[in-house]
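Numbering (our numbering), first residue to last: 372 to 703.
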């Protein structure tokens, strides 16, 4: 996260939160999030300029994007009970939940304040922002209750949950522009494709790791895991037995090296990569078809969402595979 954007976020918190301890808690969460190389606010800025926007207040809007995504990230971690190293997981849950409510309502309220302070300017609609966030919450509910039994279910939940964060970041950039209604369809389509690509990369990484974030340990229904569960061969039934409650967690953990060997030989990695490449191709085709007034900013946006992000996720997956290989070597 750029220093200027971080400063804008902290100024926003100062306007919204007069309680010193709560103010400092939110800033701690923000600084923690900034360490993740967060790009949500940058997406908002890039989209705005790509479509010819020149608002003097786009940095304030981008700061609100970061606060909204942070709120949803905290809620997600509280519900999934993972990411134990994050600051919001190491304070009383009630305070973290209070932060979620404050960030969500404060960001929407700040959008309304911008419209009141600068009535001659156009800004993203607080109502539309609320609907996008609500769609993400609906997707999170489906994920929490395990409403995924097929590849089609998986794609549907991802597009309703993860892709909504991208839709939000994009909308915050173009929502105040005169051509917003014409821009929306293609940007929504792009968010849908890019979101699936990113989620598949995350899921592939998480099925290859053996810490508390491993999706298998939490019995999640991701695309790689659906592939593994669909294997009806009797040669290796540990994963299926664990998901059906026939094997306890400690027994599953004791066989993690054998599980890793099976995962790497099963074809689930290759299968996931093929699906990911199909969605990446659709994303690139959609991006190329976007008629943006500023080609320079469009190219910068391409690098942001298709270049560096994909390279980063590929690196993370490679690191996860390397760590898994070291795990195998250490267990031999």
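From the three backbone atoms N, C-alpha and C, an ideal C-beta is built for every residue, glycine too. These figures come from a predicted structure and were not determined experimentally.
Out of the options, which has the shortest C-alpha to C-alpha gap to residue i?
i, options, result
"residue 654", "545, 672, 641", "672"
"residue 519", "480, 560, 593, 551", "593"
"residue 453", "566, 588, 650, 621", "588"
"residue 424", "481, 674, 554", "554"
"residue 422", "378, 547, 486", "547"
"residue 638", "595, 481, 387", "595"
"residue 512", "621, 614, 527, 559", "527"
If you follow the alpha helix (DSSP H) that residue i is in, where does it begin and where does it stop?
i, result
"residue 562", "551–578"
"residue 506", "497–515"
"residue 548", "Neither: residue 548 is in no alpha helix (DSSP H) and is coded neither H nor E."
"residue 459", "Counting along the chain, residue 459 falls outside any alpha helix (DSSP H), and DSSP gives it neither H nor E."
"residue 435", "429–451"
"residue 414", "411–421"
"residue 378", "374–387"
"residue 629", "627–637"
"residue 667", "666–673"
"residue 597", "594–600"
"residue 584", "Note, residue 584: premise wrong, no alpha helix (DSSP H); not H, not E."
"residue 709", "Residue 709 lies beyond the stretch modelled for the chain, which goes from 372 to 703, so this question has no answer here."
"residue 400", "391–405"
"residue 527", "522–531"
If residue i and residue j are in contact, beta carbons under 8 Å, what's the gap, nearest whole angstrom?
i, j, result
"residue 430", "residue 375", "7 Å"
"residue 438", "residue 477", "7 Å"
"residue 657", "residue 561", "5 Å"
Quick one: what's got a C-beta closer than 8 Å to residue i's C-beta in the same chain, skipping five residues either side?
i, result
"residue 585", "577, 578"
"residue 415", "429, 432, 433, 436, 540, 541, 543, 544"
"residue 459", "400, 403, 445, 448, 449, 467, 470"
"residue 462", "396"
Sorted by chain position, which residues of the same chain lie with C-beta nearer than 7 Å to residue i's C-beta, five sequence neighbours on each side aside?
i, result
"residue 607", "633"
"residue 565", "537, 654, 676"
"residue 479", "497, 500, 501"
"residue 391", "none"
"residue 563", "530, 534"
"residue 405", "372, 377"
"residue 457", "403, 448"
"residue 614", "590, 600"
Apart from the five residues on each side of it in sequence, which residues of its chain come closer than 6 Å, Cβ to Cβ, to residue i?
i, result
"residue 646", "none"
"residue 409", "372"
"residue 680", "Annotation note: pLDDT 48 at residue 680 (below 50); position unreliable, no value reported."
"residue 418", "541, 544, 545"
Counting only beta-carbon atoms, is residue i nearer than 8 Å to chain D?
i, result
"residue 589", "Of the protein chains in the structure, only one exists, and it is not chain D."
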